[in-house]
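Participant: To start, I am sharing the structure in question, which I have written as structure tokens.
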Amino acid sequence: MVRVRFAPSPTGIPHMGNTRTALYNYLWARHNQGNFILRIEDTDQKRFVKGSEAKILEILQFLGLIWDEGPYRQSDRLELYQQYARELVDKGVAYEAEGAIRLRVPPGRDIVWEDLIQGKMTIKTQGMNEPVLLKSDGWPTYHLAVVVDDHLMEISHILRAAEWISSTPKHLLIYEALGWTPPQIGHFSVILGPDKAKLSKRHGAKSILDYRDEGYLPTALLTFMAYLGWSYEDNSKVLTLEELTQRFDLKQVHKANPIFDQKKLDYFNALLIRQMNQTELAAALQPFVPADCPQELVVKIVPLIQERLVRLGEFENLTEWFYREVKPDPKIMVKEQLEESIKVIEGLGKWENEAMEASFRQVAEEKGWKPGQFFMMLRVALTGRTVTPPLFATMEVLGKQVVLDRLAHAQNTIA
């Protein structure tokens, strides 16, 4: 049976690379009807960050990566690690030094394993340091704890980041010393920034919670992360978690390091927003709707901004002039055009955007005004912006009295 684990350390909020590791492990487990285990590797107490475990769980739950077992915590299992460290000393394959226990690394050996992603790997023990297994305070290091836990939890596949490749020979020596068969091992490629350096905060790398708070949808993030190192027949297609589970195969995971492309994430998110029906979108927008925006207005606004939204968090910036005071640029205002606009509005029998547009175009033609200039002046008078959703649809949502009030206000800005 396939049993995999996601084993983060509570030393901060996981970034996208860590979360991709969780996703790939989850997909491999679900694809094979196996188990996805969550283990918190909290043996490094000096780097422990309070609250980070809760954030790890929050990320997994937001993405729908629900674990079958755990969370197990290594800090609850100290006696186990101490027991196995003593066993290694008794066997002569580890030794005590200054109160700690270190592994003896045999010189002149080639440690070989068939990596599920990287292929055949060979690392020489010559010059390899002899790692600490148990510190003088009785706490294990990562090297001992990870081997003991993976064995006792019957992990079948260790799927982790390439940064652990150099540690793998040490782990295989511990398996050998304890007489255990190691799981299959695969190391994922490193996500790179646009400059081909390892993805970091200077590239704008953020945690999944940051992306959530900006209005990125779980399915967009899952699709984007999946394609960072895995190939599907059409990598421009958004896939649900269920679809990813059906299609995911370790054989399609690349050795080459993928490049983080923010534009691709934005594309997936905007595509999902456009695919929502308006009721779904209005509901999804609720966490991003400012307190001063009337709820009845949200439903009316949604059809006007749906095609423009990339992130749900853009709602306020794209809509604030619907429900807040606007400041039209007096340099753009034209007195005669404002006066005629008020007359047109007052004379309209039907408050509907097509009727409005026809009336305003007729006035522009009669007066010899260029529609582009006239409508831009009108747009700025009503919204304070030069870029908005369609002008007359916007006016319809604003309502007749608000439009008249704003046109009058625009008149007052003219010296």
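Taking this note's numbering, the leading residue of the sequence shown gets 137, the next gets one more, and so forth. Cβ coordinates follow ideal geometry from the N, Cα and C atoms, glycine included.
1. Can you list, in chain order, the residues of its chain with a C-beta nearer than 6 Å to that of V248? Leave out the 5 residues immediately preceding and following it.
2. Quickly, what does DSSP pair S336 with across the bridge? List them, please.
3. What do you get for A333, buried or exposed, if any count of 16 or more other CB atoms within 10 angstroms of its CB means buried?
4. Relative to the alpha-carbon of A356, which residue among F198, R166, I301 and E189 has its alpha-carbon at the smallest distance?
5. If you draw a straight line from the C-alpha of V523 to the C-alpha of K400, how long is it?
6. Let me know the secondary structure DSSP gives G206 once reduced to three states.
7. What would DSSP say about T258, mapped onto helix, strand or coil?
8. Could you please give me the residues that DSSP links to G153 through a beta bridge?
9. Could you please give the first and the last residue of the uninterrupted alpha helix (DSSP H) stretch that includes I344?
10. With DSSP run on the structure shown, which of helix, strand or coil describes Y231?
11. May I ask which residues mark the beginning and end of the alpha helix (DSSP H) holding W249?
12. Apart from the five residues on each side of it in sequence, which residues of its chain come closer than 7 Å, Cβ to Cβ, to I149?
13. Among E215, L308 and S292, which has the Cα closest to the Cα of W275?
14. When you compare the CB positions of L448 and L421, do they come within less than 8 Å of one another, or not?
15. Verify whether the separation of the beta carbon atoms of Y353 and L159 is less than 8 Å.
16. How is the alpha helix (DSSP H) around H611 delimited, first residue to last?
17. Can you tell me where the beta strand (DSSP E) with L112 in it begins and where it stops?
18. Report back the beta-carbon spacing between V533 and I481 to the nearest angstrom; my notes put them in contact at under 8 Å.
19. In the structure shown, what three-state DSSP assignment does I294 receive?
Facilitator: The structure says:
1. Here the question's residue 248 lines up with position 112 in the sequence shown. Beyond the five residues adjoining it in sequence on each side, V248 comes within less than 6 Å, by CB distance, of T258 in the same chain, given in chain order.
2. Within the sequence shown, residue 336 is the residue found at index 200, counting from 1. When DSSP reads this structure, S336 sits in no beta bridge, so it has no partner.
3. The count along the sequence shown starts at 1 and reaches residue 333 at position 197. It is exposed - the Cβ of A333 has fewer than 16 other Cβ atoms within 10 Å.
4. Translated into the one-based positions of the sequence shown, residue 356 becomes position 220. It is F198.
5. Residue numbering aside, residue 523 sits at position 387 when the sequence shown is read from its first letter. Residue numbering aside, residue 400 sits at position 264 when the sequence shown is read from its first letter. When rounded, the separation of the alpha-carbon atoms in V523 and K400 is 24 Å.
6. Along the sequence shown, one-based indexing puts residue 206 at 70. Strand, per DSSP.
7. What you label residue 258 is simply residue 122 of the sequence shown in a count that begins at 1. If DSSP states are grouped into helix, strand and coil, T258 belongs with the strands.
8. Translated into the one-based positions of the sequence shown, residue 153 becomes position 17. Beta-bridge pairing by DSSP links G153 to no other residue.
9. For the purposes of this step, residue 344 is identified with residue 208 of the sequence shown, where counting begins at 1. Segment I344 to E350, the alpha helix (DSSP H) holding I344.
10. Counting from one through the sequence shown, the residue named residue 231 turns up at place 95. Strand.
11. Residue mapping note: residue 249 aligns to position 113 of the sequence shown, counting from 1. Here W249 belongs to no alpha helix (DSSP H); instead the beta strand (DSSP E) covers D246 to D251.
12. Start at 1 with the first residue of the sequence shown, and residue 149 comes out as number 13. Take I149, set aside five residues on each side of it, and the residues of its chain with a beta-carbon closer than 7 Å to its own are S188, K191, S343 and L345, in chain order.
13. Along the sequence shown, read from residue 1 onward, the residue named residue 275 stands at position 139. Nearest of E215, L308 and S292 to W275, Cα basis: E215.
14. In the sequence shown, residue 448 corresponds to position 312, counting from 1. In the sequence shown, residue 421 corresponds to position 285, counting from 1. Their beta carbons are under 8 Å apart, which means L448 touches L421 by this criterion.
15. Reading the sequence shown from its first residue, position 217 is the one you call residue 353. Reading the sequence shown from its first residue, position 23 is the one you call residue 159. It is Leu, not Tyr, that sits at residue 353 in the sequence shown. Not a contact, by the Cβ cut-off of 8 Å.
16. Missing from the structure shown is residue 611; the chain here goes from 137 to 551 and no further.
17. Residue 112 cannot be examined here, being either before or after the span of the chain that is shown, 137 to 551.
18. In the sequence shown, residue 533 corresponds to position 397, counting from 1. In the sequence shown, residue 481 corresponds to position 345, counting from 1. Between I481 and V533 the Cβ distance is about 14 Å, and since that is not below 8 Å, they are no contact.
19. Here the question's residue 294 lines up with position 158 in the sequence shown. In this structure, I294 counts as strand in the three-state DSSP scheme.
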